[in-house]
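In what follows, a single structure is set out as structure tokens and then discussed.
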Amino acid sequence: MTTPIHKLIPKLEVFNFLDEDDYKTLEKYMFRYDYDENAYVFKEGTHGGYMFFIVEGSVEVIKQFDDKKHTIAELGPGRSVGEMSLIDGAPRSATVRAKETLALIVLKREDFNRMLDEEPAVANKVLMGIATLLSHSLRETNKNFTEKLLSIC
Numbered sequence: 013m014t015t016p017i018h019k020l021i022p023k024l025e026v027f028n029f030l031d032e033d034d035y036k037t038l039e040k041y042m043f044r045y046d047y048d049e050n051a052y053v054f055k056e057g058t059h060g061g062y063m064f065f066i067v068e069g070s071v072e073v074i075k076q077f078d079d080k081k082h083t084i085a086e087l088g089p090g091r092s093v094g095e096m097s098l099i100d101g102a103p104r105s106a107t108v109r110a111k112e113t114l115a116l117i118v119l120k121r122e123d124f125n126r127m128l129d130e131e132p133a134v135a136n137k138v139l140m141g142i143a144t145l146l147s148h149s150l151r152e153t154n155k156n157f158t159e160k161l162l163s164i165c
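Under our numbering, the first residue of the sequence shown carries the number 13, and numbering increases by one thereafter.
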């Protein structure tokens, strides 16, 4: 039997400030999806309308540069992908592939918008969590960029 989503949500750092009632509310707007090893979760440039949280397994984030594919990140349980697409619905900025059997919790953009209307208090907490993730990611990117820039100067 599959573990209910509201029991998996506490394992995700982005939601560590929610309470049990919030988990049950959030569960109404999310679903679980499984992928086989080497399956593509999405490809760079395709429509972005959801984000996902890794519950089991890991993914490889791949970016195309100069007709070559480069792995830019490997992410495992507790991590998330697609935060920007959830907010702006823009095309995917990278390809994501399952490195092994993968279990995800998915939040679609239209479900998030519905949550904003129906459960604004919980949706705002989720939005703050996503904003925090994006902030940490941007800080890490800035740090890495600065280190690379200084290494070539």
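A virtual CB, placed ideally from N, CA and C, is assigned to each residue, including glycine.
Note that this is a predicted model, so its numbers are computed, not measured.
Identified DSSP bridge partners for residue i
| i | result |
| --- | --- |
| A85 | V73 |
| Y45 | L116 |
| F65 | S92 and I117 |
| F54 | V108 |
| K80 | F77 |
Inter-residue spacing [alpha-carbon to alpha-carbon] between residue i and residue j
| i | j | result |
| --- | --- | --- |
| I3 | L116 | In the structure as shown, the chain starts at 13 and stops at 165, and residue 3 therefore has no counterpart that could be examined. |
| A110 | L146 | 22 angstroms |
| L119 | L38 | 9 angstroms |
| F29 | K40 | 18 angstroms |
| E49 | G61 | 23 angstroms |
| K155 | F77 | 21 angstroms |
Cβ pair residue i, residue j closer than 8 angstroms
| i | j | result |
| --- | --- | --- |
| V26 | V108 | no |
| V7 | F124 | Residue 7 lies beyond the residue range present for the chain, which begins at 13 and ends at 165; the question has no answer from this structure. |
| L114 | V71 | yes |
| I66 | G90 | yes |
Cβ neighbours of residue i in the same chain (closer than 8 angstroms, five flanking residues each side left out)
| i | result |
| --- | --- |
| A106 | E56, V73, I74, K75 and I84 |
Neighbourhood of residue i by C-beta distance below 6 angstroms, restricted to the same chain and skipping five residues each side
| i | result |
| --- | --- |
| I142 | E95 |
| E152 | none |
Sequence-distant residues of the same chain with beta carbon closer than 7 angstroms to residue i, five excluded per side
| i | result |
| --- | --- |
| P103 | G57, T58, H59 and G60 |
| M127 | Y41, V134 and A135 |
Residue burial classification, residue i (beta-carbon count within 10 angstroms, cutoff 16)
| i | result |
| --- | --- |
| L162 | exposed |
| L20 | buried |
| G69 | buried |
| I166 | Given a span of 13 to 165 for the chain in the structure shown, any question on residue 166 remains unanswerable. |
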